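Q:
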Amino acid sequence: MEKCLKALALLNDVNSTKEIVPYNVFYIHELTEQLDIEEDYRNWIEHREVVFCKYPFVYTAEAKAKLLKIDANQQMMKTVQSIAVNQFLNRGQISINFLELKVRRDNLIVDTLRQIQEYESRPYL
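Numbering-wise (my numbering), the sequence shown opens with residue 4 and increments by one.
(1) Distance check for residue 66 and residue 35, CA to CA, integer angstroms please.
(2) Is residue 31 closer than 9 Å to residue 62 when the C-beta atoms are compared?
(3) CA-CA distance, residue 7 and residue 82?
(4) Would residue 44 and residue 11 qualify as a contact pair, given that the criterion is a beta-carbon distance under 9 Å?
(5) Would you kindly check if the distance between the Cβ of residue 49 and the Cβ of residue 73 is under 9 Å?
(6) Looking only at its chain, what residues have a beta carbon closer than 8 Å to the beta carbon of residue 53, apart from the 5 residues adjacent to it on each side?
(7) Where residue 60 and residue 80 are concerned, what is the direct C-alpha to C-alpha distance, given to the nearest angstrom?
(8) Express the C-alpha separation of residue 101 and residue 117 in angstroms, rounding to a whole number.
(9) Given that a residue counts as buried once 16 or more other Cβ atoms are within 10 Å of its Cβ, and exposed if not, what is residue 104?
(10) When DSSP labels each residue in this structure, what does residue 116 get in the three-state scheme?
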């Protein structure tokens, strides 16, 4: 299986530069239906077995969306765990590692840039 995926990866690389065939030709639709994407993601993170996450071009858009959601959840859990460990090690003193921005939908870029600029100009950071 790994050799087949590597061959597909080579073909996909060639196709990416010249777009000989549509990108969705490389999709393996059965993955979305039959593969436990969350388990495949864990195997990929732990460097085990043949994993399809190494070859994202075989995933359908639906599977990629699911994979992105799984990855985002994993990153949030790691962040929460890290905060909990830091809080424990610092004897309850909370260290905030997030920047909260308040933006208006119609003024998204200006509000964001202004607040980042204000944040960077603070002398105690």
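Even for Gly, the Cβ is constructed at its ideal location relative to N, Cα and C. All values reported here derive from a predicted model rather than from experimental measurement.
A: Let me spell this out:
(1) Translated into the one-based positions of the sequence shown, residue 35 becomes position 32. Translated into the one-based positions of the sequence shown, residue 66 becomes position 63. If I take the Cα positions, the gap works out to 5 Å.
(2) The residue you call residue 62 lines up with position 59 of the sequence shown. The residue you call residue 31 lines up with position 28 of the sequence shown. Taking 9 Å as the cut-off, the Cβ atoms of residue 62 and residue 31 count as close.
(3) Counted from its first residue, the sequence shown places residue 7 at position 4. Counted from its first residue, the sequence shown places residue 82 at position 79. Distance between residue 7 and residue 82, taken at the CA atoms: about 36 Å.
(4) Position 41 of the sequence shown, counted from the start, is the residue given in the question as residue 44. Position 8 of the sequence shown, counted from the start, is the residue given in the question as residue 11. Going by C-beta atoms, residue 44 is not nearer than 9 Å to residue 11.
(5) By one-based count along the sequence shown, residue 73 stands at place 70. By one-based count along the sequence shown, residue 49 stands at place 46. It is not a contact, given that the beta carbons lie outside the stated cut-off.
(6) Sequence index remark: in the sequence shown, residue 53 carries index 50 (1-based). Counting only Cβ-Cβ distances below 8 Å, and skipping sequence neighbours, we find 4, 5 and 8.
(7) Mapped onto the sequence shown, residue 60 falls at position 57. Mapped onto the sequence shown, residue 80 falls at position 77. Each residue's alpha carbon lies about 27 Å from the other.
(8) By 1-based counting over the sequence shown, the position of residue 117 is 114. By 1-based counting over the sequence shown, the position of residue 101 is 98. Counting only the Cα atoms, residue 101 lies some 17 Å from residue 117.
(9) On the sequence shown, residue 104 is found 101 positions in, with the first residue counted as 1. By the neighbour-count criterion, in which 16 or more other beta carbons inside 10 Å mark a residue as buried, residue 104 falls on the exposed side.
(10) Here residue 116 is taken as the residue at index 113 of the sequence shown, counted from 1. Helix at residue 116.
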